[in-house]
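Below is one structure, written out as structure tokens, with a few remarks after it.
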Amino acid sequence: MACLCGCINQLIDNFDPKTAAGLASGLNKHLEAIRSILARNKSLAKEVRYQIIPSNQRTAKILSLHSIDLVKIERLHSVFKDDVKGFWVASGDALHQELRRRIACITIFLRSKVDDNAWASYDVANLIQGRTLSELRYAGSKYIKIARRLGGIGSILWLPLEIPASTYERYLNMDDAEAFDHIQNLGSDAPDLNLFVQRLITAQLDDPSLVLSHRNLLLEYGDCISPSEQGLLLLHALGGNDIPLDLLKSAKIPMRRWTNEGEIQSITASDFGFNAEIIRLLSSDERLEELSQRPEVTQQALEDGTIVWSLSPEAQEELSHRLTSQTTEDWATTALKLLCFACPPCYEGKVNWALPLKKAIWNLLDKATNQKRLPSSLRACVIEALLFFCERDLFSIRFAAVERAKSLLRKNMSFYYQASVTLFDSIISRIDGNFQRSEALIVDFLAADHDGNTRSDNALRGRLHISNIENKIHRYDKEVASTIYNWEGIHPLSTFEIEVTRRLQGVAAKFFHSIGDFKTTRASLEQHLWLNSTMPIRPNTRLLIVTRLAEIHCELHEYEKALEIIQVELDGMTARKGRPFRRLSMARAEGYIGLGRLDDATTVLEELISVEPPELDDLNDQVLRVRRLILSARIHHEGNNFPEALQHWQVTGQMIESLGIFKSRHGWILAIVHLSMAHAHIALGNEELARQAWNAGVEIAMRERFETEWRGNLWLRMDPHDAKAYIQNTIYYWLLKEGQHVPPVWECDIETTHLLDALPGPLICAEELFVSDSATESHYRRGNRKNKGAERVGAIEVDVSLLRDKGLITPEEDPTNKAGKKVGARHYKITLKLRMRL
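Under my numbering, the sequence shown is numbered contiguously, ending at residue 2304.
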């Protein structure tokens, strides 16, 4: 008391508003105590010249309460929690009647919002006879405000009954923080009655006689109505058909998006602008289960087991007719926000939905954005979502997503959106075969004056650079090697720049592989894997890189190293199935073939058969099936079992002919099959059949685009100069054999042809020489077991630059196929006769 008096005396002499405001709580307590003393002692009250009158006497009683009797409330709840109708028609005691009155007021207020002439439902009308509807309506509005201050509509049931209804409905000031804090403390142990009260209210609102549906109130008064009602409206706004449950549940998981610094940030559903009721609905398995049990909702499973929900046609028709245009528009915006929120970020590569799920969500996004007008606040978010669909999988979806993003793009949008849409527009053009347009899009964009200086913008410039390099690779541009590393990240690399660097290394590896520079390819892939120590990548991405590295080791005849890195991955693999596993296993079979362990390679392929999908609708699965068939044929070919090899080559050819999509994309692979059959026929002495197979293979090779990096080409390659097929890495002739009669002076002439780049610098023709203590049969690959023990002892190298410099030879121009497309490169063709003398 002395302390409070001291503060008061100090304020009299030196008033300070901030200090005075801090005395409110203490003054309230002391003034209440003084008022109580004066009320008990009338003689003292006469001596005191002042009266103490509470500013709000009607709410003062609230502060005098010390507890709430929750037992009766809980008992009432247990009786009627599964009997909503009974709550409204049972006679009930005084407690029941008062609580029913409170909720009746709320229903009157809400019904007045959708129908001016039907404020009271039938059940409520029987309870309020003789009372003024306008007063009850006002009371309902006040109860909703009170409930929201206390944390939920369920609090209406445990508001202390000791306080007169008129106090809550008329006199309790919504700004009276002290009163509300006190009530909230008293109800801190109250059960959660929100769902119960929402069901009670909804029962009186779900009335087909109302002019408008009560669901028009959901966005503003969703906290008063059953959550499943919001669920119905959300399903309707999403299109009403085949809505994946995973889409609805995505609100649980924060949305991930790139920042200007090139890092990923998480954004919660609340931060993204969803109201609390929608978040509670989509974050609760119990509430979603309640929604699924509604008679209007049907549930199905897509081919991969993805659960999708639909609304019955009757429910969709009713909702369409009884919703206002504003409600329809508001919920369409909510549905669009959910679609945007659910889509993973583009470029990160950590999340990729199963194709059935992706197709289902794309159908919803396509319909939701196929409108004349979208909310301007969501335009950038929609483009972000579309970019995810631009990135991979079905061409039809990617193309449509790019076109939609282009239609939504505006000149005032940031570099991120401008560059991203340009990038995927360019990629789609390249996939569609329009390389000129693809390159022009990027060149023109980079030449324009775009204001983009963030780390994220730098990463996107890297992606544009990579796309342009891929165009150059497809056009056999000679500047690829000198320009491929023209982009680099800013150190220390941001997460986005690391992702782009990885992609650049992958493209570099693919390019150097295509020109036969396997050592540089190996270095690129090893760098790609090293980046994993900086920021881990998806397991499937790592498997893909390791697989490609193993394949390059095979190209370099480092078969043991290939098998070593493959085994490390297999040891850590729990589920031996799926495309990454099948690719890795084929590289493993390649390693075994290289070592001559054909039985082990056969075992690997037999294991692959058991995990192949029965259907081959997807191009990737078709590619892997053909690769397995080629490997199987090669095993017999390498083992000199030529009759069996011929059968396997024929089966492979028939399979390719039956796979329309594969044949249209990889038609050149048939050339491998026919040329391999020609080789087998020669080994069996069938020269005429060999000639026919050879002619068929050459015909295809001249017509189709050559794919150097395709794994089926490992033992048969198209030369990048004249686009003709040659058996690679083969010891084609043993000149001297054990037991052969050799004269004192032995000579041998060998005619060789060399194709050399038409570039400045020396022109060197070279042939390698091998010796072996056991090999005698020609035309087998260096790694074949028939050449076991063969060692390279040197090479014959001839510098023919003089022929070029003196004009004795002229370069041959780029060859073209029948369609007029270039299939090779400008080169010199040098034919030499080498003479060995011993």
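Even glycine gets a Cβ: it sits at the ideal position worked out from N, Cα and C.
Spatially closest choice to residue i from the options, by CA coordinates
i: L1711; options: L1768, K1512, V1774; result: V1774
i: V1432; options: S1933, R1988, Q1884; result: This structure leaves residue 1432 out entirely; the chain is present only between 1467 and 2304.
i: P2277; options: K2299, L2300, L2222; result: L2222
i: A1717; options: E1540, L1659, C1809, E1756; result: C1809
i: I2166; options: W2134, L2150, N2107; result: W2134
i: L2150; options: N2106, P1761, E1686; result: N2106
i: M2143; options: T1573, G2044, D1641, E2110; result: E2110
i: R1969; options: E1814, V1868, D1943; result: E1814
i: G1563; options: K1538, R1760, D2280, R1577; result: Just to set this straight, residue 1563 is Gln in the shown sequence, not Gly. Comparing Cα-Cα distances from Q1563 to each of K1538, R1760, D2280, R1577, the minimum goes to K1538.
i: K1745; options: L1700, D1770, L1789; result: One point to set straight first is that residue 1745 is Ile, not Lys, in the sequence displayed. The shortest Cα separation from I1745 among L1700, D1770, L1789 belongs to L1700.
i: R2100; options: I2138, D1641, P2079, A1487; result: I2138
i: T1920; options: N1475, A1885, F1901; result: A1885
i: L2050; options: R2093, L2064, P2080; result: R2093
i: E1540; options: G1620, G1771, Q1766; result: G1620
i: G2163; options: R2131, I2197, T2196, G2119; result: G2119
i: T1772; options: T1793, K1715, F1807; result: K1715
i: H1916; options: D2280, R1506, F1881, E2026; result: F1881
Three-way DSSP call (helix, strand, coil) for residue i in this model
i: D1548; result: coil
i: M1640; result: coil
i: K2293; result: In the sequence on display, residue 2293 carries His and not Lys. Strand, per DSSP.
i: T2219; result: strand
i: L2036; result: helix
i: G1739; result: coil
i: D2265; result: strand
i: L2300; result: strand
i: V1848; result: helix
i: P1720; result: coil
i: N2179; result: Note that N2179 scores 45 on pLDDT, short of 50, meaning its location in the model is unreliable; the coordinates nonetheless yield the value given after this. Here N2179 sits in helix by DSSP.
i: A2232; result: strand
i: I1691; result: coil
i: P1822; result: helix
i: A1767; result: strand
i: G1899; result: coil
i: I1612; result: helix
i: G1472; result: helix
i: I1667; result: helix
i: C2214; result: strand
Cβ-based neighbour list, residue i, same chain, cut-off 6 angstroms, excluding 5 preceding and 5 following
i: Q2088; result: L2082, L2125, F2128
i: D1672; result: none
i: E2017; result: A2053
i: S1895; result: R1903, S1904
i: E2217; result: K2299
i: L2180; result: With a pLDDT of 47 at L2180, under the threshold of 50, the predicted position of this residue should be treated as unreliable, though the coordinate-derived value follows. If we look at L2180 and ignore the five residues flanking it on each side, it has no Cβ neighbours.
i: L1907; result: T1888, D1891, S1892
i: A1975; result: T1987, S1990, L1991
i: T1431; result: The requested residue 1431 is not part of the displayed model; the chain covers only 1467 to 2304.
Contacting residues, own chain, Cβ-Cβ under 7 angstroms from residue i (five flanking each side not counted)
i: D1859; result: L1821, K1824
i: I1500; result: I1518
Counted within 10 angstroms of its Cβ, other Cβ atoms place residue i as buried (16 or more) or exposed
i: F1984; result: buried
i: M1721; result: buried
i: L1926; result: buried
i: G2255; result: exposed
i: N2040; result: According to the sequence shown, residue 2040 is Thr rather than Asn. Looking at its Cβ environment, which holds fewer than 16 other Cβ atoms inside 10 Å, T2040 is exposed.
i: R1665; result: buried
i: S1791; result: exposed
i: I1897; result: exposed
i: D1655; result: exposed
i: W1797; result: buried
i: H1994; result: buried
i: Q1766; result: exposed
i: W1996; result: exposed
Contact set for residue i: own chain, Cβ-Cβ below 8 angstroms, skip 5 residues either direction
i: L2097; result: M2052, A2055, E2056, I2059, A2067, L2071
i: E1762; result: L1698, L1777, S1778, E1780, A1781
i: I1503; result: L1510
Quiz item: Would you call the stretch 1691-1711 and the stretch 1745-1752 in contact, with 3 or more CB pairs under 8 angstroms?
Solution: Yes, the stretch 1691-1711 touches the stretch 1745-1752.
Self-check item: the stretch 2217-2236 touching the stretch 2265-2273, judged by at least three CB pairs closer than 8 angstroms
Solution: Yes: the two stretches touch, three or more of their Cβ pairs being nearer than 8 angstroms.
Quiz item: Below 8 angstroms, can you find three or more Cβ-Cβ pairs linking the stretch 1719-1731 to the stretch 1958-1966?
Solution: Verdict: yes, contact present.
Quiz item: How do the stretch 1645-1658 and the stretch 1530-1545 stand: do at least 3 beta-carbon pairs fall below 8 angstroms, yes or no?
Solution: Yes, the stretch 1645-1658 is in contact with the stretch 1530-1545.
Quiz item: Three or more C-beta pairs closer than 8 angstroms, one from the stretch 1669-1687 and one from the stretch 1581-1593: is that the case here?
Solution: Yes: at least three Cβ pairs fall under 8 angstroms.
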